[in-house]
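Using numbering that gives the first Met the number 0, you'd call the opening residue of the sequence shown number 0 and step up by one each time.
Virtual Cβ for every residue (Gly too), placed ideally from N, Cα, C.
A quick note: this is a predicted structure, and the numbers were derived from the prediction, not measured.
The structure appears below as structure tokens.
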Amino acid sequence: MDAVQAIRGMNDILPEQIGWWQGIERATREVLENFGYCEIRTPIAEKLELFARGIGESTDIVEKEMYAFADRNGDWLALRPEATASIVRAYIQHGMQADPGLRKFYQIGPMFRHERPQKGRYRQFHQIDAEVFGLESPKIDAEMMHMLSLLVERIGISGVALNINTLGCAQCRQIYRQILKDFLVAKGDGFCGDCMRRRETNPLRVFDCKVEGCGQLLQDAPRLIDHICDDCRAHFDAVKDYLEKLGTRYTVNPGIVRGLDYYVRTTFEVITDKLGSQSAIGGGGRYDGLMRDLGGPDVPALGFAMGMERLVLLLQQEKEMAHRAPRCFFASLGDKAGESAFLLAQQLRGQGIETELDYEGRSLKSQMRRADKSGARYVLILGEDELARREVQLRDMLTKTQRILPLENIVETLLATDSEQ
Ligand code: ATP
Ligand code: MG
């Protein structure tokens, strides 16, 4: 019988890879908590309606990519394709707009989209997500992008670009939508089927299209950035000014419209040229109207999401994996020595010394091979003779030297050796 395989596009993260993930998570917690963000953990499934309303009916995510299903009661649910809508729901549900109103959240976890799996694109993937509620000031837009750049750097990734744009407010967008629609109609019917449809339902989405022919037809399209109102212009100018004062490098890219309907004003993306067409590492923006659209109070908000698989791919391309090695390997010969080694190993671990050991009474040769492969700096060797003399051999794998030590205070000795380094 064939063995059951994982679902296509949903990957195991194996112990060999976990170091990358833990490193990214550690950096994320450090940086974000420094900026006042608190962790929140929302459910992996929500009512389908939340995403349909929150992300927008005519977006790619809702139209094509959602894992939606009716549960046993016939209720329509979906695996979350992103985190923003869920966090907004939680904010409203728990009445968090009450004093002090300003809240900063982050979430790390799996997201689900039914896309064609390829390098850097999966059906279960992971995001780092950050959201701020209750601030209209352009200071926070700049601070968020500054923090994102800092985080990418702290994770250990270089050579990425921060692209920023403004999408204006609902009013400027209304005017621009008609200007763009007129342009698209004037261009004729050379667009792909999706774009022909978008032209009618949601013209701005044409900029998301990855079909080359559409890209060419759009080259001289009118730009939203040239049609924004005075207030939106002032906000954008202030954001750029703060970014400069913070020393955060950016490029204005009027082509960034983002795949979600809810964005207003500031939008941004962090991109790399090292992952082929999966070039976006993360992105986000302001979504001042979303809270109200979801039945909540009128609270301005902004956020970003960063894809962790793409971060891991970049890290792997940039450097050799930082191998996680135990500090000690406990080798033993004979049943009695094996028993003592087992008990002593737990004491070492209890004192914070990472220790591996042999559990099965294998030959010394095979234990030494395993010790070598594990990358442990020290190997403790305990045979029946050593045990009788209450001694143990300590081999330093780096210097290739060996010492005989009293067994009684081996834990203290190793702790002292540890601090000599
Ligand atoms: P793309 O244009 O690559 O499809 P997106 O605009 O759909 O990205 P967002 O919804 O903004 O992506 O999500 C933020 C980040 O999450 C992306 O920049 C990317 O790093 C990551 N991401 C999105 N979809 C996937 C996926 N299917 N597999 C892996 N990572 C993903
Ligand atoms: Mg996408």
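{"Item": "What do you reckon, is the C-beta of G158 under 7 Å from a heavy atom of ligand 1?", "Value": "no"}
{"Item": "Can you give the Cα-Cα distance for A69 and R40, rounded to whole angstroms?", "Value": "23 Å"}
{"Item": "Using a 10 Å radius around the Cβ and a threshold of 16 neighbouring Cβ atoms, would you call W75 buried or exposed?", "Value": "exposed"}
{"Item": "Apart from the five residues just before and just after R402, which ones in its own chain have a Cβ nearer than 6 Å to its Cβ?", "Value": "L393"}
{"Item": "Given a cut-off of 8 Å on the beta-carbon distance, is the pair C171 and H234 in contact?", "Value": "no"}
{"Item": "Below 7 Å, is the gap between the Cβ of I280 and the nearest heavy atom of ligand 1?", "Value": "yes"}
{"Item": "Excluding five sequence neighbours on each side, which residues of the same chain lie with their C-beta closer than 6 Å to the C-beta of Y175?", "Value": "L223 and H226"}
{"Item": "Does Q315 have its Cβ less than 8 Å from a Cβ in chain B?", "Value": "In the displayed structure, chain B is absent; only one protein chain is listed."}
{"Item": "Please name the residue in G212, P109, L166 and F328 whose C-alpha comes closest to that of D188.", "Value": "G212"}
{"Item": "For the beta strand (DSSP E) containing I380, name the first residue and the last one.", "Value": "Y377 to L381"}
{"Item": "Is it true that the CB of R376 sits closer than 8 Å to the CB of D395?", "Value": "yes"}
{"Item": "Does the structure place the segment 151-170 close enough to the segment 261-281 that three or more beta carbon pairs sit under 8 Å?", "Value": "yes"}
{"Item": "For the beta strand (DSSP E) that contains P405, what are its first and last residues?", "Value": "T400 to P405"}
{"Item": "Return yes when at least one heavy atom of ligand 4 lies under 7 Å from the C-beta of R120, else no.", "Value": "You won't find ligand 4 in this model; what it holds is ligand 1 and ligand 2."}
{"Item": "Contact check, G155 vs E317 under 8 Å by CB: the rounded distance?", "Value": "7 Å"}
{"Item": "For a quick check, are the C-beta atoms of V256 and D287 less than 8 Å apart?", "Value": "no"}
{"Item": "Measuring only the C-alpha atoms, how far is L149 from E130?", "Value": "16 Å"}
{"Item": "Return the bridge partner residues of S331 from the DSSP annotation.", "Value": "L381"}
{"Item": "Is L31 closer than 8 Å to A141 when the C-beta atoms are compared?", "Value": "no"}
{"Item": "Would you kindly check if the distance between the Cβ of S339 and the Cβ of L404 is under 8 Å?", "Value": "no"}
{"Item": "Does the Cβ of M305 lie closer than 7 Å to at least one heavy atom of ligand 1?", "Value": "yes"}
{"Item": "Secondary structure at H125, three-state DSSP: helix, strand or coil?", "Value": "strand"}
{"Item": "If contact is defined by three or more beta carbon pairs under 8 Å, each pair taking one atom from either stretch, is the segment 75-87 in contact with the segment 43-62?", "Value": "yes"}
{"Item": "Please list, in chain order, all residues of the same chain as S278 whose beta carbon is under 8 Å from its beta carbon, the five residues on each side excluded.", "Value": "I270, T271 and D272"}
{"Item": "Do the CB positions of C327 and E353 come within less than 8 Å of each other?", "Value": "yes"}
{"Item": "Let's test the definition: count the other Cβ atoms within 10 Å of the Cβ of G337 and tell me whether it reaches 16, buried, or not, exposed.", "Value": "buried"}
{"Item": "Considering N305, what are the terminal residues of the beta strand (DSSP E) in which it resides?", "Value": "According to the sequence as given, residue 305 is Met; it is not Asn. Per DSSP, M305 belongs to the beta strand (DSSP E) from A300 to G306."}
{"Item": "Which same chain residues, not among the five before or five after A220, have their C-beta less than 7 Å away from its C-beta?", "Value": "L179 and F182"}
{"Item": "If you compare alpha carbons, which of A67, E62 and A26 is closest to E45?", "Value": "A67"}
{"Item": "Helix, strand or coil, according to DSSP, for L150 in the structure here?", "Value": "helix"}
{"Item": "By Cβ distance, which residues of its chain are closer than 6 Å to E355, with the 5 residues on each side in sequence left out?", "Value": "P325, F328 and S373"}
{"Item": "Could you tell me the boundaries of the alpha helix (DSSP H) in which K372 lies?", "Value": "L363 to S373"}
{"Item": "Quick one: grab the DSSP three-state call for Q345.", "Value": "helix"}
{"Item": "If you count every other CB in all the chains shown that lies within 10 Å of the CB of M0, and 16 or more means buried, which is it?", "Value": "exposed"}
{"Item": "Check the DSSP bridge columns for V3 and list the partner residues they point to.", "Value": "V3 is not bridged to any residue."}
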